[in-house]
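Chemist: Quick note: the sequence shown uses the numbering used here, first residue 14, plus one each step.
Quick one: the structure is below, and I'll ask about it shortly.
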Amino acid sequence: MTHAEGIWQQIFAFDHYGELLGLVRNSLVAGAALGLVGGLVGVFVIMRDLPFAVHGISELSFAGASAALLLGVNIVAGSIVGSLVAAGAIGLLGARARDRNSVIGVIMPFGLGLGVLFLALYKGRAANKFGLLTGQIVAVDTPQTSWLLGTSAVVLVALALMWRPLVFASADAEVAEARGVPVRGLSFAFMIVLGLAVALSVQTVGALLVLTLVVTPAAAAARITASPVLLPALSVVFAVASIEGGILLALGGSIPISPYVTTISFGIYLVCRRAGRRRARAAGRATVGG
């Protein structure tokens, strides 16, 4: 076997694939829930220009998960605590965009530094450390699945309750505030919801690549539609396709799940970007011709 064939075998090896499928039932269920959450939350991340906040929250989520790993407690719970601390700090201290970016710029290295410290102190399996950075949903067990599904339900209920006023406030905050919409309260509430969504996504693709699940699907959908119904629907479809496809491909290889999820997600974005450009050119020619 050549070196190139050996590398390809690590990425795509489908020996006994049918037998392995039974081992990822929990992962596929959790992946569907996380795709739904990431796709819906991502719509508001794009509308409110918060991709940088997602990355900042993920660093504290990583620190919380690392602390939980060190202490031997539930990793998902630790990740959620870290995310909520970061989201609360950003929501309280960063009301304006300039202030928010400064707060995030301070939080990110602090969270990453704490995470590295906790992992350095942890003497267990190296795979557990690596999984926090690159994702480990293929190894999700029943207790973790219960945590993930329960937290996903909380996020979805919160989004359902605030959806319409949040869309209004995200589109035009000044007009929404003049109409009596509690813009600041909604902004803080959404940051908490975002924190939960990021914590869930960290369990899937790891702290380093969380943007691919919370940002990329919605950004891809926004390239081809502005419909208030079709945009979130497509964002969810893209997110679920990315994560479920990543799980199924990762099962046949020996590398972490995150490269598969990010590649599928990025591929979808490129296709949507190209389709959006073609549609814009066609609309321009129709306008000129009319």
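Where a beta carbon is used, it is the ideal one built from N, C-alpha and C, also for glycine.
#1: Is the distance from the Cβ of G259 to the Cβ of G44 below 9 Å?
#2: Return the CA-CA distance between S248 and E257, expressed in angstroms with no decimal places.
#3: Assuming T229 contacts S278 (C-beta within less than 8 Å), just tell me the rounded distance between them.
#4: Is the separation between the beta-carbon of P178 and that of P156 shorter than 9 Å?
#5: Can you say whether S40 is buried or exposed, counting buried as having 16 or more other CB atoms within 10 angstroms of its CB?
#6: Going by DSSP in three states, Y135 sits in which element: helix, strand or coil?
#7: Checking 9 Å against the spacing of the C-beta atoms, do A233 and R291 come in under that value?
#8: Report the three-state DSSP secondary structure of V86 (helix, strand or coil).
#9: Among the residues of its own chain, which have a CB less than 6 Å from the CB of A254, if the five just before and after it don't count?
#10: Output the distance between the C-alpha atoms of G104 and V58, rounded to the nearest integer angstrom.
#11: Considering V250, what are the terminal residues of the alpha helix (DSSP H) in which it resides?
#12: Could you give the distance in angstroms between the alpha-carbon of V50 and the alpha-carbon of G35?
#13: Over the uninterrupted alpha helix (DSSP H) stretch that includes V227, give me the two end residues.
#14: Express the C-alpha separation of P241 and V223 in angstroms, rounding to a whole number.
Modeler: Per the coordinate set shown:
#1: The residue you call residue 259 lines up with position 246 of the sequence shown. The residue you call residue 44 lines up with position 31 of the sequence shown. Yes, Cβ-Cβ distance for G259 and G44 is below 9 Å.
#2: For the purposes of this step, residue 248 is taken as residue 235 along the sequence shown, with counting starting at 1. For the purposes of this step, residue 257 is taken as residue 244 along the sequence shown, with counting starting at 1. About 14 Å.
#3: As a position in the sequence shown, residue 229 is number 216, starting the count at 1. As a position in the sequence shown, residue 278 is number 265, starting the count at 1. Confirmed, about 4 Å.
#4: The residue labelled residue 178 in the question sits at position 165 within the sequence shown. The residue labelled residue 156 in the question sits at position 143 within the sequence shown. Not a contact, by the Cβ cut-off of 9 Å.
#5: On the sequence shown, position 27 is the one that residue 40 refers to. Counting of Cβ neighbours within 10 angstroms places S40 among the buried residues, the total reaching 16 or more.
#6: Taking the first residue of the sequence shown as position 1, residue 135 is located at position 122. Here Y135 sits in coil by DSSP.
#7: The residue you call residue 233 lines up with position 220 of the sequence shown. The residue you call residue 291 lines up with position 278 of the sequence shown. Against a cut-off of 9 Å, the Cβ pair of R291 and A233 comes out as no contact.
#8: Taking the first residue of the sequence shown as 1, we reach residue 86 at position 73. Under the three-state reduction of DSSP, V86 is assigned to coil, being neither helix nor strand.
#9: Residue 254 sits at position 241 when you count from the first residue of the sequence shown. Excluding positions up to five away in sequence, the list is empty.
#10: Looking up residue 104 in the sequence shown gives position 91. Looking up residue 58 in the sequence shown gives position 45. Going by the C-alpha atoms only, they are around 14 Å apart.
#11: Here residue 250 refers to the residue found at position 237 of the sequence shown. Unbroken alpha helix (DSSP H) run through V250: L243 to L264.
#12: As a first step, residue 50 is located in the sequence shown; it is residue number 37 there, counting from the start. As a first step, residue 35 is located in the sequence shown; it is residue number 22 there, counting from the start. Distance between the alpha carbons of V50 and G35: 24 Å.
#13: Position 214 of the sequence shown, counted from the first residue, corresponds to residue 227. That run of the alpha helix (DSSP H) goes L224 to V227.
#14: Taking the first residue of the sequence shown as 1, we reach residue 223 at position 210. Taking the first residue of the sequence shown as 1, we reach residue 241 at position 228. Approximately 24 Å between the Cα atoms of the pair.
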